[in-house]
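Same order as they appear, the protein sequences are chains C and H. In terms of our numbering, the first sequence is residues 34 to 251. In terms of our numbering, the second sequence is residues -1 to 420. Below: one structure, written as structure tokens.
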Amino acid sequence: SPAFAEKFGLGREALPEEIAAWNLDVTPDGTGLPEGSGDVLTGEEVFAEKCAICHGDFAEGVDNWPKLAGGWGTLAHEDPLKTVGSYWPHLSTAWDYVNRSMPFGQAQTLTPDETYAIVAYILYSNDLVDDEFVLSHENLASFELPNAGGFIIDDRAETEYPIWTGEPCMTDCKTDVKVTMRAAVLDVTPEEEGAAEGTEAVAEPETEAAAEPEPEAE
Amino acid sequence: MSESFKSNPSRRAFLRGTAAAAAGAVAAGAARAAEPDPLITEVQEWASGLGDGVDATPYGLPIEFESDVIRRNVEWLTADTISSINFTPIHALDGTITPQGCAFERHHSGAIELRKEDYRLMINGLVDTPLVFTYADLERFPRENHVYFCECAANTGMEWAGAQLNGAQFTHGMIHNMEYTGVPLRTLLEEAGYSAEGKWVYVEGADASSNGRSIPMEKALDDVLVAFKANGEALRKEHGYPVRLVVPGWEGNMWVKWLRRVEVMDRPVESREETSKYTDTLEDGTSRKWTWVMDAKSVVTSPSPQAPITHGPGPLVITGLAWSGHGAITRVDVSKDGGKTWETARLAKPGEKMALTRFYLDTTWDGGEMFLQSRAMDETGYVQPTKTQLREVRGLNSIYHNNCIQTWWVRENGEAENVEVS
Chain C
34 SPAFAEKFGL GREALPEEIA AWNLDVTPDG TGLPEGSGDV LTGEEVFAEK
84 CAICHGDFAE GVDNWPKLAG GWGTLAHEDP LKTVGSYWPH LSTAWDYVNR
134 SMPFGQAQTL TPDETYAIVA YILYSNDLVD DEFVLSHENL ASFELPNAGG
184 FIIDDRAETE YPIWTGEPCM TDCKTDVKVT MRAAVLDVTP EEEGAAEGTE
234 AVAEPETEAA AEPEPEAE
Chain H
-1 MSESFKSNPS RRAFLRGTAA AAAGAVAAGA ARAAEPDPLI TEVQEWASGL
49 GDGVDATPYG LPIEFESDVI RRNVEWLTAD TISSINFTPI HALDGTITPQ
99 GCAFERHHSG AIELRKEDYR LMINGLVDTP LVFTYADLER FPRENHVYFC
149 ECAANTGMEW AGAQLNGAQF THGMIHNMEY TGVPLRTLLE EAGYSAEGKW
199 VYVEGADASS NGRSIPMEKA LDDVLVAFKA NGEALRKEHG YPVRLVVPGW
249 EGNMWVKWLR RVEVMDRPVE SREETSKYTD TLEDGTSRKW TWVMDAKSVV
299 TSPSPQAPIT HGPGPLVITG LAWSGHGAIT RVDVSKDGGK TWETARLAKP
349 GEKMALTRFY LDTTWDGGEM FLQSRAMDET GYVQPTKTQL REVRGLNSIY
399 HNNCIQTWWV RENGEAENVE VS
């Protein structure tokens, strides 16, 4: 251990029961998983009861609520769909997050077996396992999600900072300035309370706005 | 989308402004008034009667005439208002300190109510002695004071695909800047005796979302603060009362509110908030993770769509904010012609590290249209890029970390609009 100059003698030792109650995080290698298991069919029942109202019967999402399945192979598309199946790198994250923070509004009410079953059902909904599949603390860490290799560590220091550093242009930096996109054309900004109706003063669009309002899901 | 989302947010301010301008003398220079001003020549009620007593307002709110300087949300951005975002009215503020009452909020399971008496902070994991602190314990450690910006990783995120929201509040208002008082996280880690194997800390909140994030030990020992006061008083409920993490220069998601646990670990957790979210997808479908630092950025706050020019040609103050997660802002340039030519603005004070910096360009408006832009530079020599430059490297689907140069199209009537220009 590093040598510390000074201690203040503040706080008290955490008891094992206290650490166990709060230290719930699970790392990609499965460290932190409690014993237990759950199969797809049980997961389907639990999901229908506790999750489907927001996430849909097939984890496909209701309204603007997050989609947990689908979107495979869309990450390089114009409009990628990022789900547990298409995007998430580690199954440990799904278990950890469901266990600690779901269902929304009733977090930390699931038993370990229910969480295993729900996560098994999410895998099934993503066509990653068949309906016989049983997920447990023994096989969770070895289950590789499709996008496990899809992430790189922040590389801005190599790919961006060198090219955007130095004395910038001050005069005659470009010859032509044309409006290519206008927020007023999309017209999705909330209005101030009491604003006068029908006073839109902005002229007709000169350029077609290509952008759709895009919900930034989280 | 409801009917109330249909009009331009600047409309009311614009109409109010032009009406006021029309009623008063607007000629340039110190013109002579045609008639005496009754606000001067007649005794006004406030100059004769009495105002409120000192017991009227034990804790005051802004005067009613400032009622439009408020947080706003954008309904279509999220599925509900609990795991959602609202926006600081930066178009109406000046200086650098954000009033807490209108400083933006971002929650994942709502703003919880946590009494100091019920508050506990646990330090566990790779430490000699896992510890539990009460709130009162925290106040007995040596304190520091620092001003830092907290910018949501998704600030300006809706603008990746194009100009969408019409106002600096909406395009750049997921940010606040406060003076924090707290204890260095390093002090608490040393109190528990962190192990040399501890390469990371995992931090989480007391709320249902927990918002757990992994932070490398080097940063945890450097400048991360366990804060309990902001702008002189206790944190607001919605900002993490009674204790939050302050992570200077890094994306707002890591500023864990209602902080309840710090675990020293030999690896990152790769939690939901650093895998599913707060990872930045590039054009080829791969995604950057651990994009912690917020790069240099700026925006003109006035004139802007919600703060149109209402006074006609003549002297004009162009003002805005600049900031960088890499250190101090050293310079801000302003263009009125969409980036053809630039003038260096005046910094109200020398830039401070990882804090908002106010800039001014005191100029004369000839009444013609302008394409206003600002371009920040920080002490590393980094120059704020254009959106085109960002897109060339990242494509359109990064969601987070959009620090592009913003353009406001100011028309001859003084109204301004969020646009993109070639």
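Where a beta carbon is used, it is the ideal one built from N, C-alpha and C, also for glycine. Note that this is a predicted model, so its numbers are computed, not measured.
Can you check whether the C-beta of residue i is within less than 9 angstroms of a C-beta belonging to chain C?
{"i": "Ser300/H", "result": "no"}
{"i": "Ala90/H", "result": "no"}
{"i": "Glu73/H", "result": "yes"}
{"i": "Asp220/H", "result": "no"}
{"i": "Glu418/H", "result": "yes"}
{"i": "Arg113/H", "result": "no"}
{"i": "Asn164/H", "result": "yes"}
{"i": "Leu484/H", "result": "It is not possible to answer for residue 484/H, since the shown part of chain H is limited to -1 through 420."}
{"i": "His106/H", "result": "yes"}
{"i": "Ser372/H", "result": "no"}
{"i": "Arg286/H", "result": "yes"}
{"i": "Met176/H", "result": "no"}
Grab me the residues of residue i's own chain with a C-beta within less than 8 angstroms of its C-beta, minus the 5 sequence neighbours each way, in chain order.
{"i": "Asn180/C", "result": "Leu108, Ser119, Tyr120, Trp121, Pro122"}
{"i": "Leu359/H", "result": "Val315, Ile316, Thr317, Val332, Glu341, Ala343, Arg344"}
{"i": "Glu142/H", "result": "Thr179, Gly180, Val181, Pro182, Leu223"}
Would you say residue i lies against chain H (beta-carbon separation less than 9 angstroms)?
{"i": "Ala250/C", "result": "Bear in mind that the predicted position of Ala250/C carries a pLDDT of just 40, short of 50, making it unreliable; the figure below should be weighed with that in mind. Cβ-Cβ to chain H under 9 angstroms: yes for Ala250/C."}
{"i": "Ala109/C", "result": "yes"}
{"i": "Gly118/C", "result": "no"}
{"i": "Asp90/C", "result": "no"}
{"i": "Leu156/C", "result": "no"}
{"i": "Asp129/C", "result": "yes"}
{"i": "Cys87/C", "result": "yes"}
{"i": "Gly44/C", "result": "yes"}
{"i": "Asn97/C", "result": "yes"}
{"i": "Lys115/C", "result": "yes"}
Taking all protein chains shown into account, do 16 or more other C-beta atoms lie within 10 angstroms of the C-beta of residue i, making it buried, or fewer, making it exposed?
{"i": "Gly323/H", "result": "buried"}
{"i": "Tyr57/H", "result": "exposed"}
{"i": "Pro195/C", "result": "exposed"}
{"i": "Lys385/H", "result": "buried"}
{"i": "Ala236/C", "result": "Reliability fails at Ala236/C, whose pLDDT of 31 lies under 50, so the model's placement of it is uncertain and the value that follows must be treated cautiously. The residue is exposed, with fewer than 16 neighbouring Cβ atoms inside 10 Å."}
{"i": "Ile151/C", "result": "buried"}
{"i": "Phe63/H", "result": "exposed"}
{"i": "Thr204/C", "result": "exposed"}
{"i": "Ile121/H", "result": "buried"}
{"i": "His144/H", "result": "buried"}
{"i": "Trp256/H", "result": "buried"}
{"i": "Pro113/C", "result": "buried"}
Leaving aside the five residues before and after residue i along the sequence, list all residues of the same chain whose C-beta is less than 7 angstroms from its C-beta, in chain order.
{"i": "Trp98/C", "result": "Cys87, His88"}
{"i": "Ala374/H", "result": "Ala294, Lys295, Ser296, Ala320, Ser322, Ile327, Val330, Gln382"}
{"i": "Pro60/H", "result": "Val67"}
{"i": "Val408/H", "result": "Pro301, Ile307, Glu367, Met368, Leu370, Ala414"}
{"i": "Gly349/H", "result": "Ala326, Ile327, Thr328, Thr355"}
{"i": "His106/H", "result": "Ser81, Ser207, Asn209"}
{"i": "Arg258/H", "result": "Arg118, Leu119, Met120, Glu202, Gly203, Ala204"}
{"i": "Asp220/H", "result": "none"}
Tell me whether residue i sits in a helix, a strand or coil according to DSSP, three-state version.
{"i": "Asp53/H", "result": "coil"}
{"i": "Ala326/H", "result": "coil"}
{"i": "Glu119/H", "result": "Per the sequence shown, residue 119/H should be read as Leu rather than Glu. Reduced to three states, the DSSP call for Leu119/H is strand."}
{"i": "Trp340/H", "result": "coil"}
{"i": "Thr127/C", "result": "One point to set straight first is that residue 127/C is Ala, not Thr, in the sequence displayed. Helix, per DSSP."}
{"i": "Leu43/C", "result": "coil"}
{"i": "Thr222/C", "result": "coil"}
{"i": "Leu345/H", "result": "strand"}
{"i": "Leu163/H", "result": "coil"}
{"i": "Arg133/C", "result": "helix"}
{"i": "Met156/H", "result": "helix"}
{"i": "Thr355/H", "result": "strand"}
Under 6 angstroms Cβ to Cβ from residue i, same chain only, skipping five residues before and after it: list those, please.
{"i": "Val73/C", "result": "Ala153, Tyr154, Tyr157, Asp164, Phe166"}
{"i": "Gln404/H", "result": "Val297"}
{"i": "Lys287/H", "result": "Thr277"}
- [ ] Residues of the stretch 46 to 70 of chain C with a CB closer than 7 angstroms to any CB of chain H: list them in chain order, please.
- [x] Glu46, Ala47, Glu51, Ile52, Trp55, Asn56, Asp58, Thr60, Pro61
Open item on the list: Give me the subset of the stretch 171 to 203 of chain C whose CB atoms are less than 9 angstroms from a CB atom of chain H, sorted by chain position.
Closed with: Those residues of the stretch 171 to 203 of chain C that come within reach of chain H (Cβ to Cβ, closer than 9 angstroms) are Asn180, Gly182, Gly183, Phe184, Ile185, Ile186, Asp187, Asp188, Arg189, Thr192, Glu193, Tyr194, Ile196, Trp197, Thr198, Gly199, Glu200, Pro201, Cys202, Met203.
Open item on the list: Taking beta-carbon pairs under 9 angstroms, can you tell me which members of the stretch 136 to 153 of chain C lie near chain H?
Closed with: Phe137, Gly138, Gln139, Ala140, Gln141
TODO: Name, going along the chain, the residues of the stretch 206 to 220 of chain C whose beta-carbon falls closer than 8 angstroms to a beta-carbon of chain H.
DONE: Cys206, Lys207, Thr208, Asp209, Val210, Lys211, Val212, Thr213, Met214, Arg215, Ala216, Ala217, Leu219, Asp220
TODO: Please list the residues of the stretch 116 to 131 of chain H that have a C-beta atom closer than 7 angstroms to any C-beta atom in chain C, keeping them in chain order.
DONE: Met120, Asn122, Asp126, Thr127, Pro128, Leu129, Val130, Phe131
Open item on the list: Against chain C, which members of the stretch 347 to 363 of chain H pass a CB distance test of less than 7 angstroms?
Closed with: Those residues of the stretch 347 to 363 of chain H that come within reach of chain C (Cβ to Cβ, closer than 7 angstroms) do not exist; the list is empty.
TODO: Check each residue of the stretch 38 to 60 of chain H: if its Cβ is closer than 8 angstroms to any Cβ of chain C, include it; give the result in chain order.
DONE: For the stretch 38 to 60 of chain H, there are no residues whose beta carbon sits under 8 angstroms from a beta carbon of chain C.
TODO: Would you list, in chain order, the members of the stretch 252 to 268 of chain H that have their beta-carbon closer than 9 angstroms to a beta-carbon of chain C?
DONE: Arg258, Arg259, Glu261, Met263, Arg265, Pro266, Val267, Glu268
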